[in-house]
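What follows is a short report on a single structure.
Protein chains: 2
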Amino acid sequence: MSDQAKAYTKLVEHLKGLGLLRSCASVLGWDEQTNLPPKGAEHRANQLALLAGLSHDRATDPVIGELLDQLADPNSVGGDQTAAYANVRNAKRAYDRSVKLPKKLVEELSRTTTLSQHAWVEARQKKDFTLFHPWLEKIVTLKREEADALGSETGVKYDALIEDYEPGATAAQIQSVFAPLREALVELVSAIKESDKKPDISILERKYPVETQKAFSIEAATAIGFDFQAGRLDVAAHPFCSGFGPGDCRLTTRYDEHHFPGAFFGTLHEAGHGIYEQGLNDNDFGLATGEACSLGIHESQSRMWENLVGRSRAFWDHFYGKAQQAFPDAIGDVHIDDFYSAVNDVRPSWIRVEADEVTYNLHIMLRFQLEQALLCGDLNAADVPAVWNETFTEFFGMTPSDDSIGCLQDVHWSAGLIGYFPTYSLGNMYASQFFEKAQDDLGDLNAMFAKGEFMPLKEWLNNNIHIHGRRYDAPQLVEVVTGKPLTAEPLLKHLRGKFGAVYGL
Amino acid sequence: MSDQAKAYTKLVEHLKGLGLLRSCASVLGWDEQTNLPPKGAEHRANQLALLAGLSHDRATDPVIGELLDQLADPNSVGGDQTAAYANVRNAKRAYDRSVKLPKKLVEELSRTTTLSQHAWVEARQKKDFTLFHPWLEKIVTLKREEADALGSETGVKYDALIEDYEPGATAAQIQSVFAPLREALVELVSAIKESDKKPDISILERKYPVETQKAFSIEAATAIGFDFQAGRLDVAAHPFCSGFGPGDCRLTTRYDEHHFPGAFFGTLHEAGHGIYEQGLNDNDFGLATGEACSLGIHESQSRMWENLVGRSRAFWDHFYGKAQQAFPDAIGDVHIDDFYSAVNDVRPSWIRVEADEVTYNLHIMLRFQLEQALLCGDLNAADVPAVWNETFTEFFGMTPSDDSIGCLQDVHWSAGLIGYFPTYSLGNMYASQFFEKAQDDLGDLNAMFAKGEFMPLKEWLNNNIHIHGRRYDAPQLVEVVTGKPLTAEPLLKHLRGKFGAVYGL
């Protein structure tokens, strides 16, 4: 074996060990959200800080730096188009970032965000921002410190952080995509508002027994291809998906007996993430080629299954009979047309994760605006509720009555995830662009859905997207898959087409 | 600060870090038993092996050796009667053991026992020993290797292993306590067999809805003092208790709709362990003074709450009305006398964890005999079913119809826990001796139980046993608490008194 081959083998071993160690922290993180008894929060924070510190030690081990130096020339691993070089390139990016962060900051961030999430849960429950305020302040301070340590080419703090979620993206680029999208969306929302058609959403607020919701959600998630032999569905305050590694991916949701769409579409959404995780190459666990490409691409998978599939007419042509059998008291007498309209009702609403496909992106833009201001210092943590409500009113024409349906609704900031939100809207755009291409390749997807055939799309995603892992950066992946750079056109075309029909525009 | 004080502070820091790291593995171990999707077993085994290796690295860090050398003189920490010296002494014992074990063996044992437990679950379900046989063989080989690496003063392999569970005990000592106990028990069983009184145990096999069992078990566990704000109760194939650390202790049980005692007394048993864990000094987490004394002492707590409290007449004087309300269809028409007799029915039975108080110890003695033979090489893994059945027939006068109610019933060997079983019977003896002393100190405990007052006993245990952690070794603790060395007399007195009354002997 050549020295370079030996160096690559050693690097792979090191990265896999690091991935394995990090996946231990994922288990503790998931358990924290799903099972932790209240008095265990402090101990859990200590456990996670310890693991974060140990992972940081491994991630910054000078041995990695030396191995990466030996492999600096792409030809040492067969050229810059190889999977091996993708692993080297990504490892270098991660290593260069990690060594900039002091271990103390990494541990402090881990400890703080663990405890802060418990404070957030309580603040949200009690609708009391003051319980969360000191934590948010501390987190923003730490994230600013992190951004300064990392640095960015643009000199913008926010760009230093977004790199963790959407490598290569910048706030300015995102803004330049968001601005015209926002304009088009506002126009569409306004046209919908003028329409005479008003779906009756009260049918979704009838009684849907929780156990039946759970069984029905699991049935649908299984049908679209999530493998419950390699995963689970549990309850958490905020729905999420956590892939621990080969054979183990956990979904969470939350049930409201009087609100059907929350848990159902939430589960489809998380199952979409889960199908991506389950579609990664198990043998490459710990390497870039066995890892999701970016959060934006991750969201493209979840939003596709949730919306382009789950909220399609064809999906309900297949599933509505089953739904009526499962919930006879709620929708036994409801016509599929009315149900379909109700789950596609477009109107300003409080909660992002339950928002319709059109207004959803406005929720994202609001958060994107606020978190940039928080990070650059234009907005103080203390002023978040007031500024949230003011901006919300500007965007949606209505004002939250309390913070639990306003600035306290999302877990992200309490978890230190600043810079994460824009990936949701990027995901919506990626999703539509991928979906168009899948349709080109596979033929009439809706005709398949109407027959309950979801495997062709699932396998297309496996073979065209999941298989690559992080081999390409997101912008490059979009071109590899669709032959075009990212554009909002497919999303707008989809929204105009679908809601034009629903609202007779 | 003196050099010695500095060394002690450093030692404490090191030990706490090690405890914290080990507690991460506890979370993964618990999750493995309660939540793991089938396809995640391999990855989980890799995670646990990694953590076992990391813990081993820390446990054998030469720095600990140096610190312990600096603190070798008890006077360096205030004398041999101090809590600090107890921590040093226990740390030295643990360090001396750890450095004898090769890291590779530690990782291999972790990986093997993780995977093996899944094989055991399947083998037990399918009543097919051949599925478990290769794993048992591998485990026995590894445990023999471990015993050889550790060595023991007696030169007996089994004694090297028992040190992990009951420090200072040997197989010969245990045998010398077990022999007369067995004789007395066989005599008592035989007298009971002659009795005309035959409790009607069919009333315990009526329909007890699982959800109600769960609620009722939680009510009882709460009443005896388990804090569910600092713990949970979940379902697992084999009931256990795992204390992760301050504020987080997990109990598991398993429900059978047609067998009331299993989950109920099982939960009281695990809650007894949990109350011990919750009673440890949180500030000393990671140190001997914040750790349970031994498994025998741990079992004394669980068996006390399960049997001396939970199967007492006084307990049911308080709880029976509630039980009748919870399960009206099953026992609405059953007199308390009949119920009390049924839950104290003594007869040969297949399953250890559900055995009555009298025959239980015979189940232990059988396992003690077999695992000694396995370890010294007198018994091959392949012959375990045949020898189990033969010995069982000798002990109980009946032969298991399949291995799921025979040699496959317990998780222990699949988890590598060889040398653990005798601690259950030691626990029974400790329990009766402690209980007698508590009664001396507190007055009529049964009168308290009958009024639903369990806190006096719980607090007595907190203040007399839990508070010491591992400050004393078990034999010493018994003397400190009761003023006498361990003897089987209190257990035999309890059994003869109680079952003499139940069976009119």
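Chains as they are written, first to last, in our numbering: chain A, -7 to 497; chain B, -7 to 497.
Heads up, the beta-carbon is just placed ideally off N, CA and C, and yes, glycines get one too.
Q) Across which residues does DSSP place cysteine 241(A) in a beta bridge pair? A) Gly223(A) and Gly235(A)
Q.
Only counting the same chain, and skipping five residues up and downstream in sequence, which positions put a Cβ closer than 6 Å to that of cysteine 233(A)?
A. Leu243, Glu262, His265 and Gly266
Q.
What does the alpha-carbon distance come out to for the pair tyrosine 247(B) and isoleucine 210(B)?
A. 13 Å
Q.
Report the CB separation of aspartate 109(A) from alanine 407(A) in whole angstroms; it is logged as a contact under 8 Å.
A. Before going further, note that residue 109(A) is glutamine rather than aspartate in the sequence given. Rounded, the Cβ-Cβ distance is 6 Å, consistent with contact.
**Q.** Straight-line Cα distance separating alanine 493(B) from asparagine 336(B)
**A.** 11 Å
**Q.** Assumed close pair leucine 97(B), glutamate 137(B) - CB separation to whole angstroms, cut-off 8 Å
**A.** 6 Å
**Q.** Where proline 54(A) falls: helix, strand or coil (DSSP)
**A.** helix
Q: Flag this pair as yes or no: are the beta carbons of aspartate 188(B) and aspartate 330(B) separated by less than 8 Å?
A: no
Q) Pick from His230(B), Glu24(B), Leu28(B) and Gln62(B): whose alpha carbon is nearest that of lysine 2(B)? A) Gln62(B)
Q) Interface residues of chain A around aspartate 240(B) at Cβ under 8 Å? A) Leu28, Pro29, Lys31, Gly32, His35 and Arg36
Q. In chain B, which residues lie with their C-beta within 8 Å of the C-beta of valine 19(A)?
A. Val19, Leu20, Asp23 and Gln39
Q. Is DSSP giving isoleucine 166(B) helix, strand or coil here?
A. helix
Q. For serine 47(B), which option in Asp226(B), His486(B) and Cys16(B) has the closest C-alpha, if you only look at C-alpha atoms?
A. Cys16(B)
Q.
Using a Cβ-Cβ cutoff of less than 8 Å, which residues in the same chain neighbour leucine 300(A) once the five nearest sequence positions on both sides are dropped?
A. Ala423, Ser424, Phe427 and His486
(Q) Please report the straight-line C-alpha distance between glycine 32(A) and tryptophan 22(B), rounded to a whole angstrom. (A) 15 Å
Q. Should the segment 374 to 384 of chain B be regarded as contacting the segment 271 to 291 of chain B, the criterion being three or more beta carbon pairs within less than 8 Å?
A. no
Q) Along chain A, which residues have their Cβ under 7 Å away from the Cβ of arginine 224(B)? A) Asn27 and Pro29
Q. What's the gap between the Cα of glutamate 249(B) and the Cα of glutamate 203(A)?
A. 19 Å
Q: Mind checking the segment 129 to 156 of chain B against chain A and listing, in chain order, the residues whose C-beta falls within less than 9 Å of any C-beta there?
A: none
Q: Have a look at Leu367(A), Gly282(A) and Lys185(A) and flag the residue whose alpha-carbon is nearest the alpha-carbon of arginine 339(A).
A: Lys185(A)
Q: Helix, strand or coil for alanine 430(B), going by three-state DSSP, please let me know.
A: helix
Q. Below 8 Å, can you find three or more Cβ-Cβ pairs linking the segment 303 to 313 of chain B to the segment 432 to 451 of chain B?
A. yes
Q | Close beta carbons around lysine 429(A), own chain, < 7 Å, minus the five adjacent residues each side | A | Val473 and Thr474
(Q) Starting from tryptophan 127(B), trace the alpha helix (DSSP H) in both directions and tell me its first and last residue. (A) 121 to 142
Q. Out of Thr281(A), Met(-7)(A), Asp276(A) and Ala(-1)(A), which has the shortest C-alpha to C-alpha gap to glutamine 73(A)?
A. Thr281(A)
Q: Out of Glu471(A), Leu13(A) and Arg488(A), state which residue places its alpha-carbon closest to the alpha-carbon of glycine 237(A).
A: Leu13(A)
Q: Helix, strand or coil for leucine 63(B), going by three-state DSSP, please let me know.
A: coil
Q. Closest to histidine 310(A) by CA distance: which of Leu354(A), Lys199(A), Gly217(A) and Gly444(A) is it?
A. Gly444(A)
Q.
Taking a contact to mean a Cβ-Cβ separation below 8 Å, would you say asparagine 273(B) touches glycine 461(B) in this structure?
A. yes
Q: Check glutamate 158(A) in the structure and name its three-state DSSP category.
A: coil
Q: Pick helix, strand or coil for methionine 390(B), following the three-state DSSP scheme.
A: coil
Q. What did DSSP end up calling alanine 229(A) once you bin it into helix, strand or coil?
A. coil
Q: With distances taken Cα to Cα, identify the nearest neighbour of glutamate 481(B) among Arg463(B), Thr106(B), Asp348(B) and Arg174(B).
A: Arg174(B)
Q | Within 8 Å, strictly: CB atoms of leucine 60(A) and lysine 84(A) | A | yes
Q | is_contact[phenylalanine 307(B), chain A] using C-beta, thresh 8 Å | A | no
Q: List the residues of chain D that cysteine 16(B) touches, going by C-beta distances under 9 Å, in chain order.
A: As a matter of chain content, chain D is missing from the structure shown, whose protein chains are A and B.
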